[in-house]
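S.K.:
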Amino acid sequence: MLDTSDIRKGTKVQFDGVPFEVTYFQFVKPGKGQAFTRTKLRNMITGNVIERTFKSGEKLEKADMEEREMQYLYPEDNFYVFMDTKSYEQLRLTAEQLAENRYYLSDNLMCSVLLFNEKPIGVTPPNFVEFEIVETEPGFKGDTSGGTTKPAKTITGLEIQVPLFIEQGELVRIDTRSGEYAERVKK
Amino acid sequence: MRTPLSGLTALAHGAEVRVAGRIVAQTDQAALLRDASGIARLSLSAPMMLNALTTVRGTWNGVAIEVASFELVQAALVEPRELTELARHDNLKQRRLVQRAAILRSVRGFFDARDFVEVETPLVVPSPGLDVHLDALEVTTTQGARYLSTSPEYQMKRLLAGGLERIYQVGKCFRNDEVGERHQPEFTMLEWYRAFDDVASVMSDTEQLVAHVATSLGGEATLQTALGPVDVTPPWPRISVREAFARFAKVDVSTLVHDEERFYRTMVEQVEPALADFGALFLCDYPVSMASLARKKPGDPTVAERFEAYVAGVELCNGFGELTCPREQRERLLADQRERKLRGLPVYPIDEQFMRALEEGIPPSGGNALGLDRLVMLALGARHIEDVLAIPASRL
Chain P
1 MLDTSDIRKG
11 TKVQFDGVPF
21 EVTYFQFVKP
31 GKGQAFTRTK
41 LRNMITGNVI
51 ERTFKSGEKL
61 EKADMEEREM
71 QYLYPEDNFY
81 VFMDTKSYEQ
91 LRLTAEQLAE
101 NRYYLSDNLM
111 CSVLLFNEKP
121 IGVTPPNFVE
131 FEIVETEPGF
141 KGDTSGGTTK
151 PAKTITGLEI
161 QVPLFIEQGE
171 LVRIDTRSGE
181 YAERVKK
Chain Z
188 MRTPLSGLTA
198 LAHGAEVRVA
208 GRIVAQTDQA
218 ALLRDASGIA
228 RLSLSAPMML
238 NALTTVRGTW
248 NGVAIEVASF
258 ELVQAALVEP
268 RELTELARHD
278 NLKQRRLVQR
288 AAILRSVRGF
298 FDARDFVEVE
308 TPLVVPSPGL
318 DVHLDALEVT
328 TTQGARYLST
338 SPEYQMKRLL
348 AGGLERIYQV
358 GKCFRNDEVG
368 ERHQPEFTML
378 EWYRAFDDVA
388 SVMSDTEQLV
398 AHVATSLGGE
408 ATLQTALGPV
418 DVTPPWPRIS
428 VREAFARFAK
438 VDVSTLVHDE
448 ERFYRTMVEQ
458 VEPALADFGA
468 LFLCDYPVSM
478 ASLARKKPGD
488 PTVAERFEAY
498 VAGVELCNGF
508 GELTCPREQR
518 ERLLADQRER
528 KLRGLPVYPI
538 DEQFMRALEE
548 GIPPSGGNAL
558 GLDRLVMLAL
568 GARHIEDVLA
578 IPASRL
């Protein structure tokens, strides 16, 4: 069982046998009143989003899901193919099921594939992945306006903000939970 | 004399300069130096150390500083995380901290011009307040258990008994376990009291203060909030809790007053979201069961002289026509203690110095407690309270 204080973006809960993922949560406490957690929950089967408000301390049922370590193999049509490295069983997920996590995939990356009732419904990449920056402004072209980050694109098409000193061709570590630059990787 | 980097463009070409800051980028021939005022390009003859604090002497050529000599003051042994925090998104956090300081000056200017005395009362107190929805932080002292103040109310009211008539305070309050977009376990409260005056005057102070802050920032009485511009020109609409519940939740609030959870759930799910569309307004006349430390409204004992201001849906403050009757105050505190015990919460002591002040006599007074961080959020268009704090709790 989970408590409202365990709610984070990405927490998976279930009601009436349906799994939901928390896509938004807000701690609210009207003046002199009791606290609630306001949430938006995405139905992990249909993709529909509902709103629910929980009283602080209320118990929630954790979604009964299986997470299986699987290796990402390759894209195929509109699917992404993953393999269980022990049983060699393969599973296919759609781009919609992967959502932004598809930007974090690289050949042979070990991911955690989420199964609900034995059907794959999503993928969690490792917390950190490393990618080459293929597009970013070189150095600093006379820009003295300030600011120490600049936009950059990874080889997979993910757009992130990186510090000024990151050059094209460099490797960076990205936090897949926030989608933000974490640090430079020395080659 | 060190030249701030923002001042370089005003210099004549060929001017000798001394500058200092951190090297935030570098290549073989050039580097970028950053100080609090801006960034400048350096033309190098020898490589510099990335991220190091560096002082530079050279010549300004209109585009860059041609470096004559430089001195490494301190190398960065790790990536400059503190700098990134303040500098990302075009120095957003740094600019917000500068504006926050300006807002604070504007707030003080507002009260000083109205003959309020700024006071500072203790943060470590014998009773943190008995409100059942507040969880205090306990500290151990040689005198035994003390608490970090959840509100300066008790101490400020003692000053009213002492004869001060207009007082305000800007200080920290501590509330355990409150973390969210608009909550921090340690936050800044602006609290003020007017003796021999009433709740209407304090509501008027509130709308004028917010308009004053908006004007001092942008020249007109409009706050550029995260939800768009909000006109805060006084007077703001006043809407009673009864009216708000009828209009936005289609429910008679008198049917909810004895079911606290339903009252607040309706508030959170239906009333507060609807208020976001109304710019700036006052919600007033709370049911007497939610009176807290407000007195009953003369002429209508079913409601209390309690109000809250909402701006762009953000609850900004909580004000009262103050309860000054020592007997009724003690009854409410004892009831709170019983309720805390019933719910298995720590039962904090009654602040007897505060009670004694009430027994000495506190003039009829109005008071208000306003979340300063939230005012800054609204004024600067920030969505998250952390965006306007120098160091939020999450970065400790």
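Respectively, the protein sequence lines represent chains P and Z.
Its first residue numbered 1, the first sequence is counted upward by one per residue in the working numbering.
Its first residue numbered 188, the second sequence is counted upward by one per residue in the working numbering.
The beta-carbon is built from N, C-alpha and C at its ideal position, and this holds for glycine as well.
Using DSSP with H/G/I as helix, E/B as strand and the rest coil, what is Z/T271?
M.R.: As a working mapping, residue 271 of chain Z is identified with position 84 in the second sequence. If DSSP states are grouped into helix, strand and coil, Z/T271 belongs with the helices.
S.K.: Out of Z/R345, Z/F435, Z/T337, which has the shortest C-alpha to C-alpha gap to Z/E547?
M.R.: In the second sequence, residue 547 of chain Z corresponds to position 360, counting from 1. Among Z/R345, Z/F435, Z/T337, the Cα nearest to that of Z/E547 is on Z/R345.
S.K.: Mapping the DSSP letters down to three states, classify Z/A300 as helix, strand or coil.
M.R.: Counted from its first residue, the second sequence places residue 300 of chain Z at position 113. Three-state result, Z/A300: helix.
S.K.: Can you name the residues of chain P whose CB is closer than 8 Å to the CB of Z/E502?
M.R.: Locating residue 502 of chain Z in the second sequence gives position 315, where the first residue counts as 1. The answer, in chain order, is P30, G31.
S.K.: Which same chain residues, not among the five before or five after Z/D302, have their C-beta less than 8 Å away from its C-beta?
M.R.: Counting from 1 along the second sequence, the entry for residue 302 of chain Z is found at position 115. Taken in chain order, the residues that qualify are R353.
S.K.: So, is the C-beta of Z/G249 closer than 9 Å to a C-beta in chain P?
M.R.: Sequence index remark: in the second sequence, residue 249 of chain Z carries index 62 (1-based). Not one chain P Cβ lies under 9 Å of Z/G249.
S.K.: Mind reading off the beta-carbon distance from P/L98 to P/Y80? Whole number of angstroms is fine, and I expect it under 8 Å.
M.R.: Here residue 98 of chain P corresponds to residue number 98 of the first sequence, with the count starting at 1. Here residue 80 of chain P corresponds to residue number 80 of the first sequence, with the count starting at 1. Yes, they are in contact, since the Cβ atoms of P/L98 and P/Y80 sit about 6 Å apart, within 8 Å.
S.K.: From Z/R275 to Z/R228, what does the alpha carbon distance come to, in whole angstroms?
M.R.: The sequence position of residue 275 of chain Z within the second sequence is 88, counting from 1. The sequence position of residue 228 of chain Z within the second sequence is 41, counting from 1. Approximately 19 Å between the Cα atoms of the pair.
S.K.: Taking just the CA atoms, how far does Z/L220 sit from Z/R205?
M.R.: The count along the second sequence starts at 1 and reaches residue 205 of chain Z at position 18. The count along the second sequence starts at 1 and reaches residue 220 of chain Z at position 33. Going from the Cα of Z/R205 to the Cα of Z/L220 covers about 12 Å.
S.K.: For Z/H320, which residues in chain P fall below 8 Å Cβ to Cβ?
M.R.: Taking the second sequence and counting its residues from 1, the one referred to as residue 320 of chain Z is at position 133. Simply K29, K32, G33, Q34, A35.
S.K.: Of all the CB atoms in chain Z, is at least one closer than 9 Å to the CB of P/R184?
M.R.: Along the first sequence, read from residue 1 onward, the residue named residue 184 of chain P stands at position 184. Answer yes: the Cβ-Cβ gap between P/R184 and chain Z drops below 9 Å somewhere.
S.K.: First and last residue of the beta strand (DSSP E) that includes Z/S427?
M.R.: Position 240 of the second sequence, counting from 1, holds the residue named residue 427 of chain Z. That run of the beta strand (DSSP E) goes 425 to 427.
S.K.: Tell me which residues share the same chain as Z/A217 and place their Cβ nearer than 8 Å to its Cβ, disregarding the 5 neighbours each side in the sequence.
M.R.: Numbered from its first residue, the second sequence carries residue 217 of chain Z at position 30. For Z/A217, where only same-chain residues beyond five positions count, the Cβ hits under 8 Å are R228, L229, S230, L231, A251.
S.K.: Decide yes or no for the touch test of the region 535 to 552 of chain Z against the region 499 to 519 of chain Z: beta carbon pairs closer than 8 Å, at least 3 of them.
M.R.: Output reads yes: the region 499 to 519 of chain Z touches the region 535 to 552 of chain Z.
S.K.: Could you tell me which uninterrupted beta strand (DSSP E) segments, each at least 3 residues in length, are contained entirely in the region 518 to 560 of chain Z, listed from first to last along the chain?
M.R.: Runs found: 552 to 558.
S.K.: Answer yes if the region 487 to 494 of chain Z comes into contact with the region 525 to 532 of chain Z, meaning at least three C-beta pairs across the two stretches below 8 Å, and no otherwise.
M.R.: Too few Cβ pairs lie closer than 8 Å, so no.
S.K.: Cβ of Z/D523 less than 9 Å from any chain P Cβ?
M.R.: The residue given as residue 523 of chain Z occupies position 336 in the second sequence. It does not: the Cβ of Z/D523 has no partner Cβ on chain P nearer than 9 Å.
S.K.: Report buried or exposed for P/R38, applying the criterion of at least 16 other Cβ atoms within 10 angstroms of its Cβ.
M.R.: In the first sequence, counting from the first residue as 1, residue 38 of chain P sits at position 38. Buried, by the Cβ-count rule.
S.K.: Can you name the start and end residues of the alpha helix (DSSP H) that Z/D392 belongs to?
M.R.: As a position in the second sequence, residue 392 of chain Z is number 205, starting the count at 1. First-last of the alpha helix (DSSP H) with Z/D392: 386 to 405.
S.K.: Quick check: the Cα distance between Z/S314 and P/Q14, rounded to an integer number of angstroms?
M.R.: On the second sequence, residue 314 of chain Z is found 127 positions in, with the first residue counted as 1. On the first sequence, residue 14 of chain P is found 14 positions in, with the first residue counted as 1. Roughly 41 Å between the two C-alpha positions.
S.K.: Which residue's Cα is closest to the Cα of Z/G500: Z/V475, Z/R369, Z/T375, Z/F374?
M.R.: Reading the second sequence from its first residue, position 313 is the one you call residue 500 of chain Z. Closest by alpha carbon: Z/R369.
S.K.: If you measure beta-carbon to beta-carbon, which residues of the region 559 to 581 of chain Z are closer than 7 Å to chain P?
M.R.: Listed in sequence order: no entries.
S.K.: In its own chain, which residues sit with a C-beta less than 7 Å from the C-beta of P/R42, not counting the 5 before and 5 after it?
M.R.: For the purposes of this step, residue 42 of chain P is taken as residue 42 along the first sequence, with counting starting at 1. Excluding residues within five positions, the ones whose Cβ falls inside 7 Å are F20, E21, T23, V49.
S.K.: May I ask you to list the residues that DSSP assigns as paired with P/F82?
M.R.: As a position in the first sequence, residue 82 of chain P is number 82, starting the count at 1. Looking at the DSSP assignment, P/F82 forms a beta bridge with P/Y72, P/L91.
S.K.: Please name the residue, chosen from Z/I210, Z/A289, Z/T271, Z/K280, that lies closest to Z/E258 on a Cα-to-Cα basis.
M.R.: The sequence position of residue 258 of chain Z within the second sequence is 71, counting from 1. Closest option to Z/E258, Cα to Cα, is Z/I210.
S.K.: Strictly below 7 Å CB to CB, what residues from chain Z border P/K55?
M.R.: Here the question's residue 55 of chain P lines up with position 55 in the first sequence. Chain Z residues near P/K55: E448.
S.K.: Checking the sheet assignment: what are the DSSP bridge partners for Z/N505?
M.R.: By one-based count along the second sequence, residue 505 of chain Z stands at place 318. Partner(s): Z/E495, Z/A556.
S.K.: Compare the C-beta of Z/N238 with all C-beta atoms of chain P and state if any pair is closer than 9 Å.
M.R.: Residue numbering aside, residue 238 of chain Z sits at position 51 when the second sequence is read from its first letter. Closer than 9 Å: yes.
S.K.: Among the residues of its own chain, which have a CB less than 6 Å from the CB of Z/R449, if the five just before and after it don't count?
M.R.: Numbered from 1 along the second sequence, position 262 holds the residue referred to as residue 449 of chain Z. Counting only Cβ-Cβ distances below 6 Å, and skipping sequence neighbours, we find L443.
S.K.: So that I know if they touch, is there some Cβ in chain P lying closer than 9 Å to that of Z/S479?
M.R.: For the purposes of this step, residue 479 of chain Z is taken as the residue at position 292 of the second sequence. True, the Cβ-Cβ gap to chain P drops below 9 Å.
S.K.: Quick one: using the 10 Å Cβ neighbour count with 16 as the cut-off for buried, is Z/D472 buried or exposed?
M.R.: Sequence index remark: in the second sequence, residue 472 of chain Z carries index 285 (1-based). Burial call: buried.
S.K.: Measuring only the C-alpha atoms, how far is P/D143 from P/L164?
M.R.: Residue numbering aside, residue 143 of chain P sits at position 143 when the first sequence is read from its first letter. Residue numbering aside, residue 164 of chain P sits at position 164 when the first sequence is read from its first letter. With a pLDDT of 45 at P/D143, under the threshold of 50, the predicted position of this residue should be treated as unreliable, and no value is reported.
S.K.: State the start and end residues of the unbroken beta strand (DSSP E) segment that holds Z/L410.
M.R.: Numbered from 1 along the second sequence, position 223 holds the residue referred to as residue 410 of chain Z. Z/L410 -> beta strand (DSSP E) spans 409 to 412.
S.K.: What residues of chain P sit near Z/S454, judged by a beta carbon separation below 8 Å?
M.R.: Start at 1 with the first residue of the second sequence, and residue 454 of chain Z comes out as number 267. Just to set this straight, residue 454 of chain Z is Met in the shown sequence, not Ser. Simply P30, G33.
S.K.: Alpha carbon to alpha carbon, how far is P/T148 from Z/V260? Give it in angstroms, no decimals.
M.R.: Your numbering for residue 260 of chain Z matches position 73 in the second sequence. Your numbering for residue 148 of chain P matches position 148 in the first sequence. Each residue's alpha carbon lies about 21 Å from the other.
S.K.: Taking DSSP as the reference, what is the three-state secondary structure of Z/E266?
M.R.: What you label residue 266 of chain Z is simply residue 79 of the second sequence in a count that begins at 1. Looking at Z/E266 - three-state DSSP - the assignment turns out to be coil, as it is neither helix nor strand.
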